[in-house]
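The structure appears right after this line, and notes come after that.
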Amino acid sequence: MTLKPENFYDVIVGGGSVSGLLAAREISSNGYSVLILEEDHEIGTPEHCGGVVSQKGLEKLGIIPRIKTIDNYIKSAIIKTKNNSFQINSENQHIIVIDRRSFDKELAFQAQSNGAEINTKSSITSVDYSDGIYNVKISSGKVFKSTFFVEARGVGRVIKSGYRDIIPSGQYEIYAPWIQKDTIEVEFDADLYPGFFAWIVPTGEGQGKVGVAGRHINTGLTLEKFLEKKGKPYSIIRKIYAPLWIHGYIKPFYVERNVTIGDAAGQTKPTTAGGIYSGGMGGIYAGRSISKSLENGNDSSFLKEYQSNWINSFGKEFDRQVLFRKILERLDNKSLDKLFSNISSSAIDKISSTGDFDFHAAALKSLLNAKITVNFLYTFMGNEYRKIISDLSKI
Ligand SMILES: Cc1cc2nc3c(=O)[nH]c(=O)nc-3n(C[C@H](O)[C@H](O)[C@H](O)COP(=O)(O)OP(=O)(O)OC[C@H]3O[C@@H](n4cnc5c(N)ncnc54)[C@H](O)[C@@H]3O)c2cc1C
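Each number in my numbering comes from the position in the sequence shown (counting from 1) with 29 added on.
What follows is the structure, encoded as structure tokens:
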């Protein structure tokens, strides 16, 4: 056995949230030393998440959440425009709302049980690579060393890499009697939430998370207006503001032995910015490939498998969602209303019985498939729509 110097690990993971913790769990389960450095003082806090996830997704992540981690079970979703709405029965999709503060701690416990070390209040200030070693410095000045570095520091890294089109979001946890326990609400309004939407995610009867996101909006002000419209009484228990990335995955997922996962790699759904499942799988695939590399004398060619496994699982779906987003971004309130009024009850029934929360491009396609909708989009968007349809047919 070769003796390793002090503060030397096989892998350092930057960021102790869902993707980083899952990568750490995988790598440490194969007997390799892992250090997770998390800038916040507590894993799971502050919670920047609606916590909506499918039970199937969680199973694939290898997690059966404890009872206290599950806030709620969702039975339906109401989707609204200014003057129209429809409701989907989502019981078949087994969607739950989890408490990320508790969920992330469960993941931390799994990682730690396999031998990973977690340090909170350890903000990484620099990552330097020299002579095949990563030198990871934290704000106290301490330096840790590793053979692999896993970049799991979230959307902030996307911004640091120079990508500009980030959407601001705000989410309040509130108590309000108008929140229905079983039903998620999504509201489109191209003026108020350009490029995104407002949402209500119930965590129980009369309590939940209310959020808005949209290009260039003042999220605090927009949320206050949303709450005013819903009406009093309500109490705000917690406020968070966070950026969203909605343009799909960002390749390459690795350079040398520096491996990017989760939000930092753009592994969030381009439609909803949900990333617990897709980013979590990024962590798992990366963790497995890094373990193989370590088994084979640090051969980084095994990292190819991480990228191809993730793209094989999510690539086409994400590419389709990017195209549906292009349609959404072009629609004004009048056309959103028109589109919604053309959605047939048979399309809604089909989605209710066969829809898939994690891979919902097919559901979007069937919603937009009515002849009258297709004709409208051709007239409204012209060649742009023709190009989107042609691109969709190639995926
Ligand atoms: C308002 C909102 C609602 C959402 N709702 C949902 C939802 O309902 N369902 C869903 O699936 N997804 C949702 N998401 C997305 C989901 O939260 C993310 O996709 C997921 O948390 C990504 O995990 P991650 O590990 O990649 O990154 P993050 O969760 O962003 O974690 C990054 C971690 O890195 C740490 N970090 C940052 N900088 C440093 C540093 N310098 N040094 C050390 N550590 C650092 C951060 O503190 C953080 O813990 C939502 C996001 C937002 C903003």
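Ideal Cβ positions, reconstructed from N, Cα and C, are used throughout, including at glycine.
Kindly indicate which residue of Trp339, Thr301, Phe331 has the alpha-carbon position closest to the one of isoleucine 313. Nearest C-alpha to isoleucine 313 among Trp339, Thr301, Phe331: Trp339.
Below 8 Å on the Cβ atoms is my contact criterion, and I expect glutamate 408 with leucine 368 to pass it. Report the Cβ-Cβ distance as a whole number of Å. As written in the sequence, residue 408 is threonine, which differs from the glutamate given in the question. Actually they do not touch by this definition, with Cβ atoms about 12 Å apart.
Less than 6 Å separating the Cβ of glutamine 200 from some heavy atom of ligand 1? Correct: glutamine 200 has its Cβ closer than 6 Å to ligand 1.
Nonlocal neighbours in the same chain, by C-beta distance under 6 Å from glutamate 146, ignoring five residues either side: The residues Leu64, in chain order, have a CB closer than 6 Å to that of glutamate 146 in the same chain once the five nearest residues on each side in sequence are set aside.
Measuring straight from C-alpha to C-alpha, what distance separates methionine 30 and isoleucine 162? For methionine 30, the pLDDT reaches just 47, beneath the cut-off of 50, and the residue's location in the model is therefore unreliable, although a value from the coordinates is still provided. Here the C-alpha atom of methionine 30 lies approximately 19 Å from the C-alpha atom of isoleucine 162.
Going by DSSP, name the residue or residues bridged to isoleucine 265. Beta-bridge partners of isoleucine 265 (DSSP): Ile203.
Hey, quick one: how far does the alpha helix (DSSP H) through tryptophan 228 stretch, first residue to last? Per DSSP, tryptophan 228 belongs to no alpha helix (DSSP H); it is in the beta strand (DSSP E), 227-233.
8 Å contact criterion, which isoleucine 305 and valine 47 should meet: CB distance rounded: Right, the Cβ-Cβ distance comes to about 6 Å (below 8 Å), so this counts as a contact.
At a cut-off of 6 Å, is arginine 130 close to ligand 1 when judged by its beta-carbon and the heavy atoms of the ligand? Not under cutoff, so the answer is no.
Endpoints, the beta strand (DSSP E) within which glutamine 116 is located: Its beta strand (DSSP E) spans residues 114-118.
With DSSP collapsed to three states, give me the class of leucine 397. Coil, per DSSP.
Please determine whether the Cβ atom of aspartate 292 lies at a distance below 6 Å from any heavy atom of ligand 2. Ligands in the displayed structure: ligand 1; ligand 2 is not one of them.
Going by C-alpha distance, which of Val288, Ile99, Thr297, Leu365 is nearest isoleucine 195? Thr297 is the residue among Val288, Ile99, Thr297, Leu365 whose C-alpha sits nearest the C-alpha of isoleucine 195.
Can you tell me where the alpha helix (DSSP H) holding glutamine 236 begins and where it ends? From DSSP, glutamine 236 is part of no alpha helix (DSSP H) but of the beta strand (DSSP E) over 236-242.
Glutamate 358 burial status per 10 Å Cβ neighbour count (16 or more: buried): Exposed, because fewer than 16 other Cβ atoms sit within 10 Å of the Cβ of glutamate 358.
If the criterion is Cβ atoms closer than 7 Å, does the pair proline 272 and arginine 244 meet it? Contact: no.
Report buried or exposed for serine 422, applying the criterion of at least 16 other Cβ atoms within 10 angstroms of its Cβ. Residue burial annotation: serine 422 is exposed, with fewer than 16 other C-beta atoms found within 10 angstroms of its C-beta.
Taking the DSSP output, what are the residues bridged to tyrosine 283? Per DSSP, Val288.
Mind checking whether the beta-carbon of arginine 182 lies closer than 6 Å to any heavy atom of ligand 1? Answer for arginine 182: yes, Cβ within range of ligand 1.
Report all residues from its chain with a CB closer than 6 Å to the CB of isoleucine 213; omit the five preceding and five following residues, and keep chain order. Counting only residues of its own chain and dropping the five nearest sequence neighbours on each side, isoleucine 213 has a CB closer than 6 Å to the CB of Ile103, Ala106, Val230.
For my contact list, tryptophan 207 and glycine 260 are in at a C-beta cut-off of 8 Å; report their separation, rounded to the angstrom. The C-beta distance from tryptophan 207 to glycine 260 rounds to 7 Å, short enough to meet the 8 Å contact threshold.
On the three-pair Cβ rule with 8 Å, is the segment 48-62 touching the segment 319-332? At 8 Å Cβ cutoff, the stretches touch.
Taking the CB atoms as reference points, tell me whether glycine 303 and glycine 291 lie closer together than 7 Å. Between glycine 303 and glycine 291, the CB-CB gap reaches or exceeds 7 Å.
Taking only three categories from DSSP, how would you classify lysine 174? Looking at lysine 174 - three-state DSSP - the assignment turns out to be strand.
Taking C-beta to C-beta, are asparagine 36 and lysine 166 nearer than 7 Å? No, the Cβ-Cβ distance between asparagine 36 and lysine 166 is not below 7 Å.
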